[in-house]
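J.:
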Amino acid sequence: MIEADAANTVFSIEKVGDEVAAGADELSIWAAARGPEFFLTPNPRLLPALGSVSAWATGQGYEQAAVNTFLQVADYYLVAHALAHGFTVVTHEVATPSIRKIKIPNACIGAGVRCMTPYEMLRLERARFVLGRSA
1 MIEADAANTV FSIEKVGDEV AAGADELSIW AAARGPEFFL TPNPRLLPAL
51 GSVSAWATGQ GYEQAAVNTF LQVADYYLVA HALAHGFTVV THEVATPSIR
101 KIKIPNACIG AGVRCMTPYE MLRLERARFV LGRSA
């Protein structure tokens, strides 16, 4: 998920939408209900950012399988999209020193992209949840 700080808007990217839709589960139903505008499509600003994130991933000493996998999944595009547009990435993943898998927070740190957990985002946005009573 990506948060655009200036607009206080939460959205994701098309590649993530494709992966979620393939799941055919409750998450895919929820995502479909958000409508196509929830998933940003690639644009010309993305190409240089993809190059930057790719260069970072290939130059960090990760196992080749980790790099290959990262460059084929939505995580790569998510980080690049955030880099291209100055967005913040929101994820439950945590950074790790492992060379066997590139985690989203590691890629964000390497690319200079702001990254936070969903809980940090909710705190930052001062989200309030109101429990209702059924009549």
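Just so you know, the sequence shown maps onto residues 1 to 135 in the numbering used here.
The beta carbon of each residue, even a glycine, is placed where N, CA and C say it ideally should be.
#1: Tell me the rounded alpha-carbon separation between Met121 and Val90.
#2: His136 and Leu46: beta carbons closer than 8 angstroms?
#3: Let me know if Ile102 comes out buried or exposed under the rule of 16 or more other beta-carbons within 10 Å of its beta-carbon.
#4: Got a sec: is the Cβ-Cβ distance from Ala74 to anything in chain C below 8 angstroms?
#5: Could you check the C-alpha separation between Leu167 and Val130 for me, to the nearest Å?
#6: Please state whether the Cβ-Cβ distance between Glu19 and Ala74 is less than 8 angstroms.
#7: Under 8 angstroms Cβ to Cβ from Cys108, same chain only, skipping five residues before and after it: list those, please.
#8: Note down the Cα distance separating Leu40 from Lys15, rounded to an integer number of angstroms.
#9: What span of residues does the beta strand (DSSP E) with Phe152 cover, start to end?
#10: Can you give me the C-alpha to C-alpha distance between Phe38 and Ala65, rounded to a whole angstrom?
#11: In the DSSP output, what is Val90 paired with across the bridge?
#12: Measuring CA to CA, which of Gln60, Ile29, Tyr76 is closest to Gly51?
#13: Cβ atoms of Ile104 and Tyr62: under 8 angstroms apart, would you say?
T.: Looking at the coordinates:
#1: 7 angstroms
#2: The structure shown does not extend to residue 136, since the chain spans only 1 to 135, so no value can be given for it.
#3: Classification of Ile102: buried, given that the 10 Å Cβ count is 16 or more.
#4: Given the protein chain composition of this structure (a single chain), no chain C is represented.
#5: The shown model of the chain, from 1 to 135, leaves out residue 167, and the question about it has no answer.
#6: Cβ atoms of Glu19 and Ala74: closer than 8 angstroms.
#7: Val79, Ala82, Val89, Arg114, Cys115
#8: Taking the straight line joining both Cα atoms gives about 9 angstroms.
#9: Outside the displayed span of the chain (1 to 135) sits residue 152, for which this structure offers no information.
#10: 31 angstroms
#11: Within the DSSP bridge table, the entry for Val90 names Met116 as partners.
#12: Tyr76
#13: no
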